[in-house]
Structure formats: structure tokens, C-alpha cells
Amino acid sequence: MNNRLVIVDAGHGGIDSGAVGNGLLEKDLNLEASKYMYNRLKELGIPVVMTREEDTYLPKEDRIRRVMSLSSNVTRPLLIANHINAGGGEGAEVVYSLRDNDTLANLVLDKIGEKGQLKRKIYQRRLPENPNKDYYYILRETGNTEPILIEYGFIDNKNDAYKLKNNLIDYVEGVVEAIAEYLDYPYNPSNGNEAKEEYIVEKGDTLYSLSKRFNISIDELKRINNLDSDILSIGQVLKLSDYNNIEYDTYIVKKGDSLWAISRKYNISVKELIEINNLTDLTLQINQQLLVPKTNKNIYIVEAGDTLWSIARKNNMTVEELKSLNNLNSNLISVGQEIIIK
Ligand SMILES: [Zn+2]
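Just so you know, we're using my numbering here: the sequence shown kicks off at 210 and counts up by one.
Written out as C-alpha cells, the structure is:
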């Protein structure tokens with residue numbers, strides 16, 4: 210066994226969402242992957258730390274400082290930077306540094322491939338202004354480490370987005386296996402706990418014990434399960450993650466839109482809308498893209514002779530409801546117009 214430390218780095222975070230696409234935010238997937246990786250490596254007895262454990266913003270300098278301080282007293286820790294790609298392409302890539310050979314990168318990509326993801330390539334990337342240096346700072350400026358940067362798939366590719374939603378943890382399990390093999394640790398498959406999406410409360414469970422066991426904060430557990438109190442009952446079903454279950458659509462901001470109007474349209478609070486989109490600037494720009502929960506909304510196309518009143522009557526709604534749901538300021542509608550109905 211090789212007693213090297215593994216530093217797990219969840220890329221991006223906080224106001225830096227990384228790549229966005231198909232209703233997914235890179236920073237969330239990176240964190241999910243990293244937490245799982247951390248727990249599994251720990252389970253296998255491999256010394257492991259994380260650079261961030263929550264949805265926090267880590268500017269470049271802070272991230273490097275963290276990695277350097279975590280690796281200051283140890284010999285060449287592995288640094289695993291978890292990322293999701295974007296920009297046209299499909300499949301997984303692993304980037305390794307100019308100071309290393311390709312052994313670990315190859316092993317990692319092979320294991321991800323065995324879990325069903327398309328293997329794109331392993332490669333080194335050089336800084337254009339200085340080809341002796343790595344392009345990515347997480348490789349370039351973390352001198353004491355043996356780093357790799359893993360891109361699990363392309364967030365803006367439909368096939369990959371589907372796979373990332375459903376199989377990301379499997380791919381990470383592949384990476385865990387690769388790391389164990391590389392460091393010469395015995396590997397056992399996951400006992401399944403961490404990948405679960407639901408948990409049935411057993412005797413003796415508390416929110417605190419479950420939060421520790423599944424590596425999720427008490428607040429998060431309460432939020433995704435809509436819990437008002439801390440009291441659990443035996444047999445109660447708890448959701449353990451919600452990023453798999455919430456689907457998003459892209460909404461394009463129109464003239465006259467406000468956060469309030471959009472949040473009403475999609476039946477969420479303004480606060481949630483701000484959180485989903487990590488908005489720091491609350492002034493909307495026309496054509497700005499916002500993530501909104503996917504709704505199974507019914508659309509009615511206006512026909513000749515229709516009025517708001519007739520449409521409202523037909524659908525058991527009031528004209529006021531129709532107007533607020535559709536963000537209409539007047540009673541005028543035109544043939545072919547799309548009206549959201551309940
Ligand atoms: Zn990234």
C-alpha cells in the first residue's frame with residue numbers, strides 16, 4: 210500500500226457555476242462527484258481531504274493556497290480535480306500534467322469507460338505563452354502534487370447530460386477503483402449507501418446521524434424533504450438528493466419581466482429563483498437566460514373568436530388568474546398566441 214494523500218477538488222462553486230446546460234450546473238455535479246469520491250476513498254482506508262465541501266466560491270488563489278497547505282507536509286499527494294465539460298463534444302476526458310506520465314490518467318479514463326461512459330481522450334495541454342507550463346492552473350500551480358483534471362462529460366450535449374444525471378456516481382466509482390489500484394489498495398465495491406437517492410428511516414436514526422452518514426447537511430435534508438421539525442418517524446421515506454429529481458428549462462427574459470413575475474409563472478419563490486440561478490445582480494437583462502423548474506404546463510393556442518373570458522371559462526379559471534399566469538397587462542389577445550392554462 211502506498212500511503213499517499215488524495216486531495217479531491219470540486220471545481221467551481223458559489224457564484225462560479227462553471228458550465229451550464231440541459232438544466233444542470235457544473236458546480237453541483239462536481240460537488241456531488243467529489244463528496245461521493247471522498248466518502249468512498251475514506252471507506253477504502255485511503256487518506257483523503259477535500260478543497261471544498263459546500264457550495265462555496267473558491268477563487269483561483271484560494272484554491273491553490275488550500276491545495277498547497279493540504280499538501281505541505283506530505284509527499285506528492287494525488288490531486289483529483291472534478292469537472293464537467295462544455296463546448297461541443299461527447300464523452301470523458303482526463304488531463305494530466307507536464308510533470309507526470311500518463312499512467313494514472315489512462316487508468317482513470319479506462320475505468321470510467323468500463324462504467325459505460327464514452328472515452329474521449331487523455332491529454333496534456335500547454336500554456337500558449339509558455340509551452341513548458343500546464344494550461345490549467347490547478348495542474349500548473351500545484352507543484353507538490355500529482356494532479357489530474359477529470360471531465361466526466363459534456364453538460365451541453367444531450368446524451369452526456371442524460372448520463373451525468375443518471376450515471377455520474379457510477380463514473381466516480383470507476384475513478385475510485387482506479388485510484389485504489391494506482392495506490393495499491395484493496396478495492397471493494399460500494400456498499401450502496403452513498404449512492405442512494407432515498408432512505409427509509411430506521412429506529413434510532415436522527416437528522417444529525419443521517420446527515421453524517423450520507424454527507425448532507427441537516428438544512429439540506431430538511432429542505433429537500435419539506436420538513437418543518439427535526440422529528441423523524443420509523444418508516445418515513447427521506448429523499449437524500451434532489452439534483453436528480455428537479456428538471457429545469459431555460460427561460461429567456463422578455464421585456465417587462467421581473468423576478469417576481471417569472472417566479473409566479475413557475476410557481477417558485479423569488480428566493481428559489483435567485484438560488485437556482487446564483488444571481489448576484491437582481492436586475493434582469495432582456496434575453497438573459499434563466500433556469501426555471503420544468504413545468505407540465507398546458508398551453509392553449511388562441512383561435513379566432515376567443516377572448517380571455519371564454520378561455521378562462523373553458524378552463525375553470527378567472528380572467529385575473531389567466532392574466533397573472535401569463536403576465537398579461539391587457540385583455541387583448543391575438544390568434545395564434547400561446548396562453549398558459551392550469
Ligand atoms: Zn470546470
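Heads up, the beta-carbon is just placed ideally off N, CA and C, and yes, glycines get one too.
Between residue i and chain D, is any beta-carbon pair separated by less than 8 Å?
i, result
"Trp518", "Any reference to chain D falls outside this structure, which holds one protein chain only."
Where does residue i fall in DSSP's three states?
i, result
"Glu241", "helix"
"Leu430", "helix"
"Tyr259", "Reading the sequence as shown, one finds Met at residue 259 and not Tyr. Here Met259 sits in strand by DSSP."
"Tyr344", "coil"
"Glu529", "helix"
"Asn496", "coil"
"Asn353", "coil"
"Thr459", "strand"
"Asp379", "helix"
"Lys412", "coil"
"Gly223", "coil"
"Asn453", "Legend: pLDDT at Asn453 = 47, less than 50; position of this residue unreliable, value from coordinates given subsequently. Looking at Asn453 - three-state DSSP - the assignment turns out to be coil, as it is neither helix nor strand."
"Ile510", "strand"
"Val501", "strand"
"Asn435", "coil"
"Ile359", "strand"
"Leu253", "coil"
Measuring from the CB of residue i, is there a heavy atom of ligand 1 at a distance below 7 Å?
i, result
"Glu235", "yes"
"Ile293", "yes"
"Ala301", "no"
"Gly230", "no"
"Gly383", "no"
"Gly220", "yes"
"Gly227", "yes"
The alpha helix (DSSP H) with residue i in it runs from where to where?
i, result
"Leu279", "Lys269 to Leu279"
"Glu406", "Taken as a continuous stretch (DSSP letters only), Glu406 belongs to no alpha helix (DSSP H), as it is neither H nor E."
"Glu484", "Val479 to Asn486"
"Glu323", "Thr312 to Glu323"
"Ile425", "No alpha helix (DSSP H) holds Ile425; DSSP gives it neither H nor E."
"Arg308", "Careful: Arg308 lies outside any alpha helix (DSSP H) and carries neither H nor E."
"Ala470", "Leu468 to Lys474"
"Ser543", "Neither: Ser543 is in no alpha helix (DSSP H) and is coded neither H nor E."
"Leu228", "A quick correction: the sequence has Ala, not Leu, at residue 228. Looking at the DSSP string, Ala228 is not in any alpha helix (DSSP H), and its letter there is neither H nor E."
Among the options, which residue has its Cα nearest to the Cα of residue i?
i, options, result
"Asn248", "Val384, Leu441 and Glu390", "Val384"
"Met259", "Asp439, Asn435 and Val215", "Val215"
"Asp414", "Arg522, Ile443 and Leu392", "Ile443"
"Ile224", "Pro268, Lys251, Ser243 and Gly230", "Pro268"
"Arg308", "Arg349, Lys251, Pro337 and Val544", "Arg349"
"Glu263", "Leu238, Lys532 and Val501", "Leu238"
"Glu241", "Ile347, Asn291, Asn366 and Ala228", "Asn291"
"Gly362", "Glu530, Ala228 and Leu287", "Ala228"
"Val544", "Thr527, Arg522, Glu512 and Lys532", "Glu512"
Could you check where the beta strand (DSSP E) with residue i kicks off and where it finishes?
i, result
"Ser218", "The sequence shown places Asp at residue 218, not Ser. Residues Val215 to Ala219."
"Ala290", "Leu287 to Asn294"
"Leu447", "Val446 to Lys448"
"Ala301", "Ala301 to Tyr305"
"Lys330", "Lys328 to Tyr332"
"Ile549", "Glu547 to Ile550"
Cβ of residue i within 7 Å of any heavy atom in ligand 2?
i, result
"Gln326", "In the structure shown, ligand 2 is absent; the only ligands present are ligand 1."
Check whether the segment 378 to 394 and the segment 320 to 327 are in contact - that is, three or more C-beta pairs closer than 8 Å.
yes
Contact between the segment 244 to 257 and the segment 322 to 334: three or more CB pairs below 8 Å?
no
Are the segment 404 to 424 and the segment 366 to 374 in contact at 8 Å, needing three or more beta carbon pairs?
No: the two stretches stay apart, fewer than three of their Cβ pairs being nearer than 8 Å.
Can you confirm whether the segment 275 to 284 touches the segment 345 to 356 when touching is taken to mean that 3 or more C-beta pairs between the two stretches lie within less than 8 Å?
yes
Three or more C-beta pairs below 8 Å linking the segment 486 to 501 and the segment 532 to 551
No, they do not touch.
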